[in-house]
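Colleague: Those letters in the sequence shown? Residues 82 to 268, per the numbering used here, in order. Below is one structure. I have some questions about it.
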Amino acid sequence: MRVRALAVRLAEEEGADVYVSELAALLHDIADWKFHGGDLNAGPRVASEWLQSIGEPAETIEKVTDIIKEVSYKGAGVKTTPQSIEGKVVQDADRLDALGAIGIARTFAYGGRFERQMYDPEQPPVMHQTFEQYKNAKGTTLNHFYEKILLLRERLNTDAARALAEERHKYVEDFVERFLLEWEGKK
């Protein structure tokens, strides 16, 4: 519901179709590839089937499934810019949710779920140049901040999202700095 709320807010501020943005935000992770064996088509397929079952028009279904296909982060070297303003809004909402306090909590929850090391000073971050590299990465949870989270601010599509990202980005930077100081016994 957080991504939905952000998508609605951004859609209103950016003049996007609020209904399409809201639907896509609600469904963007319905069958996320990270939890479905890397299948990039699972989400759009499940969303399409469900939207058909509730009688949504084909045009709306196509817009929503196109957004779901475009929204995910796929690596530091992979540019993923949605075609529609609604897609840009939903991608921005998803990326904003990965920043700030919620983003930090999500990152550690994901790392724990997949039994990732919290941190290893001997394992440097990797800037994944392909989706395949990103998808198969097994880096530490702290590295994920460098490999993705701290890159998101510069990859936002809309002015409204960029404004919201500033404080969230700074919060993550401060957290990572403090984490490293505590890890090293300096604080």
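For each residue, glycine too, the CB sits at the ideal point set by N, CA and C.
Could you tell me the alpha carbon to alpha carbon distance between I111 and I149, rounded to whole angstroms?
Modeller: 9 Å
Colleague: In chain order, what residues of the same chain have a beta carbon less than 7 Å from the beta carbon of V171, not counting five sequence neighbours either side?
Modeller: Contacts found: A88, S102, A105, A106, H109, I148 and V152.
Colleague: Identify the continuous alpha helix (DSSP H) that holds S134 and give its terminal residues.
Modeller: A123 to S134
Colleague: Between which two residues does the alpha helix (DSSP H) carrying D255 extend?
Modeller: From DSSP, the alpha helix (DSSP H) with D255 extends over D240 to W264.
Colleague: Closest to E258 by CA distance: which of I185, E137 and R126 is it?
Modeller: I185
Colleague: Determine contact between the stretch 242-256 and the stretch 190-206, defined as no fewer than three beta-carbon pairs at a distance below 8 Å.
Modeller: Taking 8 Å as the limit for Cβ pairs, the verdict is that the stretch 190-206 does not touch the stretch 242-256.
Colleague: Between the C-alpha atoms of F256 and F226, what's the straight-line distance to the nearest angstrom?
Modeller: 10 Å
Colleague: Look up N217 in the DSSP assignment and say whether it is helix, strand or coil.
Modeller: Here N217 carries a coil assignment [DSSP, helix/strand/coil].
Colleague: Among residues of its own chain, excluding the 5 on either side of S129, which ones have a beta-carbon nearer than 7 Å to its beta-carbon?
Modeller: I142 and T146
Colleague: Is it true that the CB of L177 sits closer than 8 Å to the CB of A86?
Modeller: No, the pair does not count as a contact, with Cβ atoms beyond the cut-off.
Colleague: Near D98, what residues of its chain come up, given a Cβ to Cβ distance below 6 Å and the 5 sequence neighbours on each side ignored?
Modeller: E167
Colleague: When you compare each of R236, K160 and D175 to F212 by their alpha carbons, which one comes out closest?
Modeller: K160
Colleague: I need the DSSP call for Y191, collapsed to helix, strand or coil.
Modeller: helix
Colleague: Between which residues of its own chain and T239 is the CB-CB distance below 7 Å, once the five residues before and five after are set aside?
Modeller: L91, E95, K169, V170 and D173
Colleague: Which one of A190, S165 and M208 has the shortest CA to CA distance from K144?
Modeller: S165
Colleague: Return the chain-ordered list of same chain residues with a C-beta closer than 6 Å to the C-beta of P125, the five sequence neighbours on each side being excluded.
Modeller: Same-chain partners within the cutoff: T146, I149 and K150.
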